[in-house]
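Chemist: Just dropping this structure here.
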Amino acid sequence: MNGLLAALGVETAVLSRRVRLFALGALIGAVLIVLATAFLAFAGYLALAEFMKPWQAALTTGALALFLGAILVAGGFEALSRASDQVRVAVRNNTLAKAAPFAARLAVRNPRLVAGAAAAVAAVFTLLRALGSKTETKT
(Lines of atoms letter the chains of each structure in order from A; the text may use other names.)
(Lines give C-alpha, C1' and ligand atoms only; values in the text may rest on other atoms or scores of the structure.)
Protein backbone atom coordinates (compact mmCIF):
# COMPACT_ATOMS: atom_id res chain seq x y z
CA MET A 1 0.00 0.00 0.00
CA ASN A 2 2.84 2.38 0.80
CA GLY A 3 4.31 1.78 -2.66
CA LEU A 4 1.02 2.68 -4.30
CA LEU A 5 0.67 5.81 -2.19
CA ALA A 6 4.25 6.79 -2.99
CA ALA A 7 3.56 6.25 -6.71
CA LEU A 8 0.58 8.59 -6.40
CA GLY A 9 2.78 11.24 -4.80
CA VAL A 10 1.52 10.87 -1.23
CA GLU A 11 4.10 11.17 1.52
CA THR A 12 3.22 8.29 3.84
CA ALA A 13 5.23 9.64 6.80
CA VAL A 14 3.36 12.95 6.70
CA LEU A 15 0.03 11.17 6.22
CA SER A 16 0.73 8.85 9.15
CA ARG A 17 1.66 11.79 11.39
CA ARG A 18 -1.49 13.66 10.43
CA VAL A 19 -3.69 10.63 11.07
CA ARG A 20 -2.11 10.11 14.51
CA LEU A 21 -2.52 13.81 15.34
CA PHE A 22 -6.16 13.72 14.27
CA ALA A 23 -6.80 10.57 16.32
CA LEU A 24 -5.23 12.16 19.41
CA GLY A 25 -7.30 15.33 18.96
CA ALA A 26 -10.48 13.31 18.48
CA LEU A 27 -9.76 11.28 21.61
CA ILE A 28 -9.13 14.38 23.73
CA GLY A 29 -12.26 16.00 22.32
CA ALA A 30 -14.36 12.92 23.11
CA VAL A 31 -13.11 12.84 26.71
CA LEU A 32 -13.90 16.54 27.14
CA ILE A 33 -17.39 16.05 25.71
CA VAL A 34 -18.05 13.19 28.14
CA LEU A 35 -16.88 15.33 31.08
CA ALA A 36 -18.94 18.30 29.95
CA THR A 37 -22.01 16.09 29.57
CA ALA A 38 -21.53 14.68 33.07
CA PHE A 39 -21.26 18.16 34.59
CA LEU A 40 -24.28 19.34 32.61
CA ALA A 41 -26.34 16.36 33.75
CA PHE A 42 -25.34 16.94 37.37
CA ALA A 43 -26.23 20.64 37.10
CA GLY A 44 -29.59 19.69 35.63
CA TYR A 45 -30.17 17.25 38.49
CA LEU A 46 -29.36 19.94 41.07
CA ALA A 47 -31.70 22.42 39.38
CA LEU A 48 -34.54 19.90 39.19
CA ALA A 49 -33.96 18.75 42.77
CA GLU A 50 -35.13 22.15 44.02
CA PHE A 51 -38.60 21.64 42.48
CA MET A 52 -38.97 17.84 42.67
CA LYS A 53 -38.10 15.00 44.96
CA PRO A 54 -34.48 13.89 44.43
CA TRP A 55 -35.44 10.54 42.92
CA GLN A 56 -37.75 12.28 40.42
CA ALA A 57 -35.00 14.70 39.45
CA ALA A 58 -32.54 11.81 38.97
CA LEU A 59 -35.07 9.87 36.90
CA THR A 60 -35.84 12.92 34.73
CA THR A 61 -32.17 13.69 34.18
CA GLY A 62 -31.39 10.05 33.32
CA ALA A 63 -34.34 9.78 30.94
CA LEU A 64 -33.28 12.95 29.15
CA ALA A 65 -29.70 11.68 28.84
CA LEU A 66 -30.97 8.33 27.51
CA PHE A 67 -33.22 10.06 24.97
CA LEU A 68 -30.45 12.36 23.71
CA GLY A 69 -28.01 9.45 23.57
CA ALA A 70 -30.44 7.37 21.51
CA ILE A 71 -30.89 10.24 19.06
CA LEU A 72 -27.12 10.66 18.72
CA VAL A 73 -26.54 6.93 18.21
CA ALA A 74 -29.28 6.77 15.57
CA GLY A 75 -27.77 9.78 13.81
CA GLY A 76 -24.32 8.20 13.97
CA PHE A 77 -25.57 4.98 12.40
CA GLU A 78 -27.29 6.98 9.66
CA ALA A 79 -24.08 8.90 8.95
CA LEU A 80 -22.11 5.64 8.93
CA SER A 81 -24.57 4.14 6.47
CA ARG A 82 -24.30 7.14 4.15
CA ALA A 83 -20.50 7.09 4.33
CA SER A 84 -20.49 3.37 3.56
CA ASP A 85 -22.70 3.97 0.53
CA GLN A 86 -20.43 6.77 -0.66
CA VAL A 87 -17.34 4.57 -0.30
CA ARG A 88 -19.08 1.76 -2.18
CA VAL A 89 -19.94 4.13 -5.05
CA ALA A 90 -16.43 5.57 -5.09
CA VAL A 91 -14.85 2.12 -5.26
CA ARG A 92 -17.27 1.05 -7.98
CA ASN A 93 -16.39 4.11 -10.05
CA ASN A 94 -12.67 3.98 -9.33
CA THR A 95 -10.60 3.47 -12.44
CA LEU A 96 -7.82 1.81 -10.47
CA ALA A 97 -10.20 -0.80 -9.03
CA LYS A 98 -11.38 -1.66 -12.55
CA ALA A 99 -7.86 -1.84 -13.95
CA ALA A 100 -6.26 -3.69 -11.01
CA PRO A 101 -6.76 -7.27 -12.33
CA PHE A 102 -5.26 -6.36 -15.69
CA ALA A 103 -2.37 -4.56 -14.02
CA ALA A 104 -1.69 -7.57 -11.78
CA ARG A 105 -1.57 -9.95 -14.76
CA LEU A 106 0.70 -7.52 -16.60
CA ALA A 107 3.03 -7.26 -13.61
CA VAL A 108 3.31 -11.03 -13.27
CA ARG A 109 4.08 -11.52 -16.97
CA ASN A 110 6.41 -8.52 -17.35
CA PRO A 111 8.10 -7.53 -14.08
CA ARG A 112 10.08 -4.76 -15.80
CA LEU A 113 6.90 -2.94 -16.74
CA VAL A 114 5.70 -2.60 -13.15
CA ALA A 115 7.44 0.74 -12.65
CA GLY A 116 6.08 2.01 -15.97
CA ALA A 117 2.57 0.87 -15.10
CA ALA A 118 2.77 2.58 -11.71
CA ALA A 119 3.94 5.78 -13.37
CA ALA A 120 1.10 5.56 -15.91
CA VAL A 121 -1.49 5.04 -13.17
CA ALA A 122 -0.07 8.00 -11.24
CA ALA A 123 -0.21 10.14 -14.38
CA VAL A 124 -3.82 9.16 -15.05
CA PHE A 125 -4.85 9.98 -11.49
CA THR A 126 -2.98 13.28 -11.62
CA LEU A 127 -4.81 14.20 -14.84
CA LEU A 128 -8.16 13.11 -13.44
CA ARG A 129 -7.55 15.13 -10.27
CA ALA A 130 -6.58 18.20 -12.32
CA LEU A 131 -9.61 17.84 -14.58
CA GLY A 132 -11.89 17.21 -11.61
CA SER A 133 -10.76 20.34 -9.80
CA LYS A 134 -11.41 22.45 -12.89
CA THR A 135 -14.90 21.05 -13.47
CA GLU A 136 -16.13 21.06 -9.84
CA THR A 137 -18.96 23.43 -9.10
CA LYS A 138 -19.44 24.98 -5.70
CA THR A 139 -22.84 24.47 -4.12
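Read in my numbering, the sequence shown has 27 at position 27, and its numbers run on one by one without any break. For glycine and all other residues, C-beta sits at the position ideal for the given N, C-alpha and C.
1) Please look up how many angstroms separate the CB atoms of residue 38 and residue 61, rounded, as I've assumed it's under 8 angstroms.
2) Give the C-beta separation of residue 57 and residue 48 to the nearest angstrom, bearing in mind that I take them to be a contact with Cβ-Cβ under 8 angstroms.
3) Can you grab the Cα-Cα spacing for the pair residue 85 / residue 78, in whole Å?
4) So, with DSSP's three-state summary, where would you put residue 22?
5) Return the CA-CA distance between residue 44 and residue 30, expressed in angstroms with no decimal places.
6) To the nearest angstrom, report how far apart residue 67 and residue 34 are at their CA atoms.
7) DSSP on residue 50, reduced to helix/strand/coil?
8) Could you tell me the distance, in whole angstroms, from the CA atom of residue 121 to the CA atom of residue 127?
Modeler: Taking the geometry as given:
1) Rounded, the Cβ-Cβ distance is 11 angstroms, inconsistent with contact.
2) 4 angstroms
3) 11 angstroms
4) helix
5) 21 angstroms
6) 16 angstroms
7) coil
8) 10 angstroms
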